[in-house]
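Visitor: Sharing a structure, written as structure tokens. Questions coming.
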Amino acid sequence: MSDWTEKYRPSTLSEVRGNDKARDALREWGRTWDEHGEAAILHGSPGIGKTSAAHALASDMGWDTVELNASDSRTKDDIERLAGRAAKNTTLGGTGKQLIIVDEADNFHGNVDRGGSRAVTSIVKEAGQPVVLIANDFYEMSNTLRNACREIEFRDISARSIVPVLRDVCRQEGIEFEEDALEAIAESNSGDLRGAMNDLQALAQGRTELRAEDVVTGERDRTNGVFDYLDTVIKEADAEEALKASYDVDETPDDLINWIEDNMPKDYQGRELARAYDYLADADRWLGRVRATQNYSYWRYAGDNMTAGVAAARDGEKGGWTRYGPPSYWSKLGRSRGTREKRDYVAREVAENLGVSMATARREVIPHLAAMTHHCKNRELTVAMAARYDLDAEHVSFVTGSGKDTNKVQDIVADAERLREEAAVEHSGGAFEDAHAGGADEDGESADTPDGDDEEGDEEAEDGEGQATLAASAAADESVDDASDAASAENESSEDDQQSGLGDFV
Numbered sequence: 001m002s003d004w005t006e007k008y009r010p011s012t013l014s015e016v017r018g019n020d021k022a023r024d025a026l027r028e029w030g031r032t033w034d035e036h037g038e039a040a041i042l043h044g045s046p047g048i049g050k051t052s053a054a055h056a057l058a059s060d061m062g063w064d065t066v067e068l069n070a071s072d073s074r075t076k077d078d079i080e081r082l083a084g085r086a087a088k089n090t091t092l093g094g095t096g097k098q099l100i101i102v103d104e105a106d107n108f109h110g111n112v113d114r115g116g117s118r119a120v121t122s123i124v125k126e127a128g129q130p131v132v133l134i135a136n137d138f139y140e141m142s143n144t145l146r147n148a149c150r151e152i153e154f155r156d157i158s159a160r161s162i163v164p165v166l167r168d169v170c171r172q173e174g175i176e177f178e179e180d181a182l183e184a185i186a187e188s189n190s191g192d193l194r195g196a197m198n199d200l201q202a203l204a205q206g207r208t209e210l211r212a213e214d215v216v217t218g219e220r221d222r223t224n225g226v227f228d229y230l231d232t233v234i235k236e237a238d239a240e241e242a243l244k245a246s247y248d249v250d251e252t253p254d255d256l257i258n259w260i261e262d263n264m265p266k267d268y269q270g271r272e273l274a275r276a277y278d279y280l281a282d283a284d285r286w287l288g289r290v291r292a293t294q295n296y297s298y299w300r301y302a303g304d305n306m307t308a309g310v311a312a313a314r315d316g317e318k319g320g321w322t323r324y325g326p327p328s329y330w331s332k333l334g335r336s337r338g339t340r341e342k343r344d345y346v347a348r349e350v351a352e353n354l355g356v357s358m359a360t361a362r363r364e365v366i367p368h369l370a371a372m373t374h375h376c377k378n379r380e381l382t383v384a385m386a387a388r389y390d391l392d393a394e395h396v397s398f399v400t401g402s403g404k405d406t407n408k409v410q411d412i413v414a415d416a417e418r419l420r421e422e423a424a425v426e427h428s429g430g431a432f433e434d435a436h437a438g439g440a441d442e443d444g445e446s447a448d449t450p451d452g453d454d455e456e457g458d459e460e461a462e463d464g465e466g467q468a469t470l471a472a473s474a475a476a477d478e479s480v481d482d483a484s485d486a487a488s489a490e491n492e493s494s495e496d497d498q499q500s501g502l503g504d505f506v
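With full-length UniProt numbering as the guide, the letters of the sequence shown map in order to residues 1 to 506.
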């Protein structure tokens with residue numbers, strides 16, 4: 001039996017149900033594309049017809065389609081090979097247009113090292129063909145990419161709009177049905193038309209008639225809330241129950257481990273807490289392998305440890321009510337995308353300057369720089385760091401924890417700029433001096449300076465060069481005592497503490 005979601009996919013925008021406003025906006029975008037040339041982002045919950053609407057638009061406009069899935073092709077080379085060439089050329093026959101559909105485009109987030117997001121941004125800005133990006137979470141995409149596209153939001157489809165679709169499918173498949181049965185399927189899927197279609201097909205297999213009681217017995221398990229699951233794994237379930245319950249939680253292992261880690265100490269104590277942390281450490285190692293290899297089959301081992309392991313570490317069941325909350329990791333990491341962008345900028349500059357990976361820069365170099373420049377107390381080193389790595393006020397603020405608008409940070413950035421200019425003159429091979437001397441001769445004045453001034457200038461240049469290399473060796477040459485002393489200053493009360501973003505990542 002063929003997949004009904006594909007078999008009954010809308011062939012024209014007029015068949016798209018439940019999102020009339022978004023459908024009309026998409027039609028207008030396609031109709032006027034030659035005038036504006038913008039890409040479009042279709043965003044909304046999974047299963048509500050975004051990709052189907054894009055294909056329906058192509059059918060209405062007589063466009064060919066080229067489809068790319070961001071989950072499968074995430075590197076710069078993949079994007080340019082599969083979509084870049086198509087976006088810059090006409091169809092194979094040399095006539096008409098082709099719609100470039102990039103599905104799951106929000107999965108490019110955090111892929112800075114591999115360039116996928118930047119490649120897509122470049123394509124949508126330069127494309128000679130219409131481009132549609134499909135995303136579940138609009139705000140997981142970079143600001144640059146969002147600003148380069150027209151936003152079209154698809155909302156969850158009401159049960160009232162899902163029922164007529166299910167009714168039409170039943171009639172075409174020759175299945176008798178009770179209206180209550182279709183309403184139950186629609187209600188159980190909470191706006192997910194694709195899920196409703198899949199449920200209908202599963203329930204209708206081998207039947208010629210669909211009754212309401214059939215839906216009750218065949219209804220899909222609903223996703224559990226994460227707070228209910230925390231009660232289960234931390235307080236009640238044995239290892240097997242905790243693992244099975246995790247299958248119904250709508251959280252990735254990367255997120256779930258943070259929920260468990262932050263809330264577990266509210267109920268666990270002593271040895272059971274230590275045992276649970278051992279299991280979480282093993283889970284984190286498996287998640288690290290996933291990130292390093294992109295082999296998502298390792299998720300199962302991480303899940304085993306963070307769920308079954310944590311439940312097995314508990315000494316009996318726990319009673320009472322506990323106020324669970326979102327992980328502090330999220331409150332730090334999620335304050336703003338800008339914080340992550342600052343971190344990545346600093347790491348990239350350090351990595352390129354020292355010839356190390358971004359991971360090494362984040363984990364080994366930046367923490368030392370942060371400790372030694374805490375609140376800019378070592379001003380000379382902070383100036384040298386800003387000059388060496390070309391940091392502006394917001395990046396100096398990120399590393400040091402001082403507010404970017406404070407006078408000391410602004411002065412440090414200004415001094416770093418002067419230091420870079422002096423270094424540029426010093427390494428110019430005398431090009432600027434010759435130009436200055438020539439200009440002086442034309443005016444009939446000598447360009448020579450007293451010997452004392454030359455010596456002073458040499459000393460200043462040497463000082464500048466020494467400062468410019470100081471930050472590069474700081475992480476390796478500073479003693480552990482110095483770093484510890486600087487790090488201990490974090491306990492001091494200061495308004496600058498509210499400005500720091502670095503502590504969220506180290």
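Each residue gets a CB set at the ideal place from its N, CA and C atoms; glycine is no exception.
1. Excluding the 5 residues flanking residue 559 on each side, which residues of the same chain have their C-beta closer than 7 Å to its C-beta?
2. Whose CA, out of Arg348, Leu193 and Thr307, lies closest to the CA of Tyr229?
3. Kindly list the residues whose CB is nearer than 7 Å to the CB of Ser14, restricted to its own chain and excluding five residues on each side of it in sequence; keep chain order.
4. Write down the C-beta distance between Glu261 and Ala313 rounded to the nearest angstrom, noting that I regard them as a contact closer than 8 Å.
5. Per the DSSP calculation, Thr65 is bridged to which residue(s)?
6. Comparing alpha-carbon positions, which option in Gly128, Arg150 and Val131 lies nearest Phe138?
7. Cα separation between Asn305 and Ala416?
8. Quick check: what's the CA-CA separation for Arg348 versus Glu394?
9. Output yes or no for whether 8 Å exceeds the beta carbon distance between Gly96 and Gly62.
10. Using the Cα positions of Gly319 and Arg160, report the straight-line distance between them to the nearest angstrom.
11. Just how far apart, CA to CA, sit Arg23 and Pro130?
12. Please state the DSSP three-state secondary structure of Leu419.
13. Sorted by chain position, which residues of the same chain lie with C-beta nearer than 8 Å to Ile412's C-beta, five sequence neighbours on each side aside?
14. Would you say Ala202 and Val132 are within 8 Å of each other, going by their C-beta atoms?
15. With C-beta atoms as the reference, is Ala370 less than 8 Å away from Ala361?
16. Near Trp286, which residues of its chain fall below 6 Å by C-beta distance, leaving aside the five closest residues on each side in sequence?
17. Which same chain residues, not among the five before or five after Arg167, have their C-beta less than 7 Å away from its C-beta?
18. If the criterion is Cβ atoms closer than 8 Å, does the pair Leu57 and Arg27 meet it?
19. Work out the CA separation of Ile134 and Glu422 for me, nearest whole Å.
20. What's the call for Pro46, buried or exposed, on a 16-neighbour Cβ count within 10 Å?
21. What residues in its chain sit with their C-beta under 6 Å from that of Gly325, if we drop five residues either side in the sequence?
22. Sorted by chain position, which residues of the same chain lie with C-beta nearer than 6 Å to Asn263's C-beta, five sequence neighbours on each side aside?
23. Pull up the CB-CB distance for Val165 and Arg17, whole angstroms please, since I reckon it's below 8 Å.
24. Can you tell me whether DSSP reads Val356 as helix, strand or coil?
25. Below 8 Å between beta carbons: does that hold for Thr373 and Thr400?
26. Span of the beta strand (DSSP E) holding His43?
27. If you count every other CB in all the chains shown that lies within 10 Å of the CB of Asp453, and 16 or more means buried, which is it?
28. When DSSP builds the beta bridges, which residues end up paired with Ala135?
29. Out of curiosity, what's the CA-to-CA distance linking Trp29 and Val346?
30. With C-beta atoms as the reference, is Ile48 less than 8 Å away from Gly191?
31. Answer yes or no: do Asn198 and Thr406 have a C-beta to C-beta separation smaller than 8 Å?
32. Straight-line CA distance for Ala119 to Val102?
33. Just to confirm my understanding: we take Ala39, look at its own chain, exclude 5 residues before and 5 after, and list those with CB closer than 6 Å. What are they?
34. Alpha carbon to alpha carbon, how far is Glu176 from Glu209? Give it in angstroms, no decimals.
35. Which residues does DSSP pair with Arg150 in a beta bridge?
36. On the CB-based measure, 16 or more other CB atoms within 10 Å of its CB, does Trp259 come out buried or exposed?
Guide: So, from the data block:
1. Look at the range of the chain in this structure, 1 to 506, and you will see that residue 559 is not part of it.
2. Nearest to Tyr229 by alpha-carbon distance, out of Arg348, Leu193 and Thr307, is Thr307.
3. Correct list: empty, nothing qualifies.
4. Contact between Glu261 and Ala313 is absent: CB atoms are separated by about 13 Å, not below the 8 Å threshold.
5. DSSP output for Thr65 lists Leu99 as bridge partner(s).
6. When Gly128, Arg150 and Val131 are compared, the shortest CA-CA separation from Phe138 is found for Arg150.
7. For Asn305 and Ala416, the distance between alpha carbons rounds to 48 Å.
8. Their backbone Cα atoms lie some 15 Å apart in a straight line.
9. Result yes, Cβ atoms of Gly96 and Gly62 sit closer than 8 Å.
10. Here the alpha carbons of Arg160 and Gly319 stand approximately 42 Å from one another.
11. Spanning the alpha carbons of Arg23 and Pro130 requires a straight line of approximately 16 Å.
12. Residue state, collapsed to three classes: helix.
13. Around Ile412: Cys376, Arg379, Thr382, Val383, Ala386 and Val396.
14. Result no, Cβ atoms of Ala202 and Val132 do not sit closer than 8 Å.
15. No, the Cβ-Cβ distance between Ala370 and Ala361 is not below 8 Å.
16. Hits under 6 Å: Tyr298, Tyr301 and Ala302.
17. Taking C-beta separations shorter than 7 Å and ignoring five residues to either side along the sequence, the partners of Arg167 in its chain run Leu182, following chain order.
18. Cβ atoms of Leu57 and Arg27: closer than 8 Å.
19. The straight-line gap from Cα to Cα measures roughly 49 Å.
20. Its Cβ having fewer than 16 others within 10 Å, Pro46 is exposed.
21. Correct list: empty, nothing qualifies.
22. Correct list, in chain order: Leu230 and Tyr324.
23. With 8 Å as the limit, Val165 and Arg17 qualify as a contact, their Cβ atoms being about 5 Å apart.
24. Coil at Val356, not helix or strand.
25. Against a cut-off of 8 Å, the Cβ pair of Thr400 and Thr373 comes out as a contact.
26. Judged by DSSP secondary structure, His43 falls within the beta strand (DSSP E) whose first and last residues are Ala39 to His43.
27. Here Asp453 scores only 45 on pLDDT, less than 50, and its place in the model is too uncertain to base an answer on.
28. Per DSSP, His43.
29. Cα to Cα, Trp29 sits roughly 39 Å from Val346.
30. Cβ atoms of Ile48 and Gly191: closer than 8 Å.
31. The Cβ-Cβ distance between Asn198 and Thr406 does not fall below 8 Å.
32. The straight-line gap from Cα to Cα measures roughly 12 Å.
33. For Ala39, the CB contacts under 6 Å within the same chain, skipping 5 residues up- and downstream, are Val124, Val131 and Cys149 in chain order.
34. One C-alpha to the other measures close to 4 Å.
35. When DSSP reads this structure, Arg150 sits in a beta bridge with Ala40.
36. So Trp259 counts as buried.
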